[in-house]
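Residue numbers (the working numbering): 47 to 618.
All C-beta atoms, glycine included, are put in the ideal place defined by N, C-alpha and C.
Here the structure is a predicted model, which is why all the values come from computation and not from measurement.
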RNA sequence: GGUGGGUUCGUAUAACGGCUAGUACUCAAGAUUUUCAUUCUUGCAAUAGGGGUUCGAUUCCCCUACCCACUACCA
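Pasting the structure below:
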């Protein structure tokens with residue numbers, strides 16, 4: 047009989063979910079959905095020392111933002127299920143609330159000779175470890191060393207009984223068999239063999255907090271929850287032999303899940319896995335959602351930084367997996383259809399923040415103008431702009447009162463969306479379609495504002511053009527570009543042109559404005575580029591930006607005249 | 001140190017023994033434009049090294065190098 051596909055994502059609530067963790071959850075989810083199975087969340091909080099308040103909620107909210115909705119373990123309100131029901135038969139899904147389950151399984155292993163009691167205190171073991179280290183050796187609690195340590199294999203039965211009853215810091219350890227080759231199969235990595243002599247006697251259960259360690263809890267829960275495939279990070283590969291041995295010891299080999307170990311996400315430059323530091327240093331988030339730790343330090347989140355969840359999911363899916371063809375854009379449904387474990391790449395993937403931005407840009411372009419407008423309105427409001435009306439209402443713009451109709455905003459969005467990567471870019475790109483510029487490039491952007499040139503190709507790190515100017519005043523290209531055209535002989539012409547446009551009585555659509563303005567300037571045999579650039583500087587405050595006719599069609603010729611006059615006065 | 005995993009342009013990847021090693025991002029150049037951006041065209045750029053096996057190796061095997069993970073009463 048075909049086994050029902052049941053996979054789980056089992057995070058431990060020790061902090062915010064890393065984007066690599068999100069990817070693991072995503073792959074689990076895709077696999078479950080593709081096979082018509084269940085995606086289960088289980089909270090692995092067996093280490094009370096590392097528990098972080100809020101982490102569990104964060105993880106669930108992050109997955110939800112990505113559109114990864116669990117079938118089991120978490121209810122509709124995003125709470126981890128604590129009592130069993132038809133939909134959540136294996137509750138509780140928090141391991142700390144399952145402690146009564148694990149001990150009997152640990153005892154079962156002892157009874158069958160697969161495990162034993164160990165009475166060495168952590169201090170004793172620490173001492174032995176440092177002593178070994180001093181001699182340049184590494185201590186491992188294994189087949190060889192256990193004969194000389196305090197445990198139920200070396201101590202007389204009465205002494206074991208006494209210690210069990212009287213002390214509380216003992217553990218149960220797995221009795222790793224000697225010289226046995228464990229033959230394993232990984233869905234991604236293929237066949238792997240390991241000799242048990244290289245393995246140690248892992249702690250399975252801790253009397254001190256009456257909780258199992260990961261290894262025991264994981265195997266027991268995966269078995270009880272009828273997990274069919276375990277898709278997890280590569281860091282677990284070294285403990286796969288132990289897990290195989292545990293399934294065997296319990297006699298659960300028939301229903302043992304199949305395993306797939308995912309490679310890690312690596313930092314963009316240099317070596318090592320992606321960390322919070324890399325994000326801070328290079329200015330990209332490593333967490334799906336913003337996170338503030340106990341010390342009050344806040345880390346960026348993809349959501350807060352303006353990424354669309356679809357873009358985030360898409361870019362994550364493509365990090366270490368590919369469909370085998372050139373398709374790069376995938377909806378969640380397409381991913382569910384196309385995903386396969388066979389096409390997962392074995393090597394670790396370096397994260398590329400540039401590509402992440404590219405994805406968001408692509409998704410932004412695919413959004414409707416209305417959808418983007420709705421996202422832009424709150425940003426406008428935060429700048430003191432009032433947006434009123436509906437998408438059926440007429441287009442209106444009042445620069446005095448800073449009141450604009452929804453359709454005006456929509457038209458702006460439609461014009462500028464190709465230039466943006468994030469919705470919040472809209473304001474930077476087109477603030478002058480809502481308010482008059484008061485700063486002009488000639489005097490530099492505000493001191494301290496970073497003027498960053500195009501990111502340089504890493505191969506050309508020595509390229510002097512890659513320099514980043516942190517003081518706009520010292521960025522020569524800006525002032526120079528402006529000085530080139532902002533001269534009295536030019537801007538007086540611009541003023542005349544503006545006045546002409548205001549009085550010509552021509553239609554105010556973009557096309558008419560453009561031809562009228564061009565014909566006027568050409569007719570007078572004025573230098574087209576210089577006059578246009580003067581107009582742009584006056585209208586936008588910058589030497590680059592939208593087309594002049596576009597801008598005028600939005601702000602109107604009254605604003606045109608006003609702004610040119612203001613600039614001529616300010617920049618005299 | 002030990003064990004396991006990995007290695008194709010700067011990055012993500014394609015090519016499951018067979019065309020000139022393909023695509024995307026980045027970068028560069030050109031075209032378009034009143035500027036910037038967009039768009040279009042073009043370009044730069046890789047099989048870690050060495051041995052095998054084979055008519056033929058990016059692909060299979062071995063060695064070396066490098067990278068990663070694990071080596072906790074953490075997950």
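Can you pull the DSSP bridge partners for residue i?
i, result
"residue 311", "395"
"residue 251", "218, 258"
"residue 279", "308"
"residue 390", "367"
"residue 338", "344"
"residue 434", "451"
"residue 566", "Answer is none; residue 566 lacks a bridge partner."
"residue 333", "347"
"residue 85", "53"
"residue 240", "228"
"residue 140", "89"
"residue 162", "219"
"residue 197", "164"
What are the boundary residues of the alpha helix (DSSP H) that residue i is part of?
i, result
"residue 353", "Neither: residue 353 is in no alpha helix (DSSP H) and is coded neither H nor E."
"residue 548", "534-549"
"residue 74", "65-80"
"residue 598", "594-616"
"residue 149", "145-157"
"residue 474", "471-476"
"residue 246", "Taken as a continuous stretch (DSSP letters only), residue 246 belongs to no alpha helix (DSSP H), as it is neither H nor E."
"residue 586", "574-586"
"residue 130", "Residue 130 -> no alpha helix (DSSP H), and no H or E assigned at all."
"residue 204", "203-212"
Got a sec? Which residues, its chain only, sit under 8 Å from residue i by beta carbon, not counting five neighbours each side?
i, result
"residue 61", "98, 101, 337, 339"
"residue 654", "Only positions 47 to 618 of the chain appear in the structure, and residue 654 is not among them; the question remains open."
Tell me whether residue i sits in a helix, a strand or coil according to DSSP, three-state version.
i, result
"residue 123", "coil"
"residue 316", "coil"
"residue 372", "coil"
"residue 481", "coil"
"residue 289", "helix"
"residue 420", "helix"
"residue 443", "strand"
"residue 118", "strand"
"residue 25", "Residue 25 lies beyond the stretch modelled for the chain, which goes from 47 to 618, so this question has no answer here."
"residue 404", "helix"
"residue 62", "coil"
"residue 467", "coil"
"residue 328", "helix"
"residue 175", "helix"
"residue 378", "helix"
"residue 413", "coil"
"residue 273", "coil"
"residue 187", "coil"
"residue 321", "coil"
"residue 298", "coil"
"residue 385", "coil"
"residue 48", "coil"
"residue 460", "helix"
With residue i as the anchor, note down where its beta strand (DSSP E) starts and where it stops.
i, result
"residue 229", "227-232"
"residue 54", "52-55"
Apart from the five residues just before and just after residue i, which ones in its own chain have a Cβ nearer than 7 Å to its Cβ?
i, result
"residue 139", "87, 88, 89, 119, 126, 127"
"residue 67", "57"
"residue 436", "452"
"residue 161", "152, 155, 218, 219, 220, 221, 250"
Between which residues of its own chain and residue i is the CB-CB distance below 6 Å, once the five residues before and five after are set aside?
i, result
"residue 560", "595"
"residue 356", "409"
"residue 331", "325, 346, 347, 348, 351"
"residue 117", "84, 85"
Original post:
Do the segment 140-151 and the segment 242-260 touch if we need at least three Cβ pairs shorter than 8 Å?
Top reply: yes
**OP:** Say whether the segment 188-195 touches the segment 284-293, bearing in mind that this needs 3 or more beta-carbon pairs closer than 8 Å, one atom from each stretch.
**Re:** no
**OP:** Could you tell me whether the segment 100-116 touches the segment 299-315, where touching means 3 or more Cβ pairs closer than 8 Å?
**Re:** no
**OP:** Say whether the segment 417-424 touches the segment 450-458, bearing in mind that this needs 3 or more beta-carbon pairs closer than 8 Å, one atom from each stretch.
**Re:** yes
Original post:
Quick check: the segment 429-437 against the segment 377-385, are there 3 or more CB pairs under 8 Å?
Top reply: no
Original post:
If you pair each beta-carbon of the segment 458-465 with each one of the segment 440-447, do three or more pairs fall below 8 Å?
Top reply: no
Subject >> At least three beta-carbon pairs within less than 8 Å, the segment 227-240 to the segment 168-175 >> reply: no
Original post:
For the 8 Å Cβ check, are there 3 or more pairs between the segment 573-583 and the segment 528-540?
Top reply: yes
Original post:
Any contact of the segment 583-592 with the segment 549-559, i.e. 3+ C-beta pairs under 8 Å?
Top reply: no
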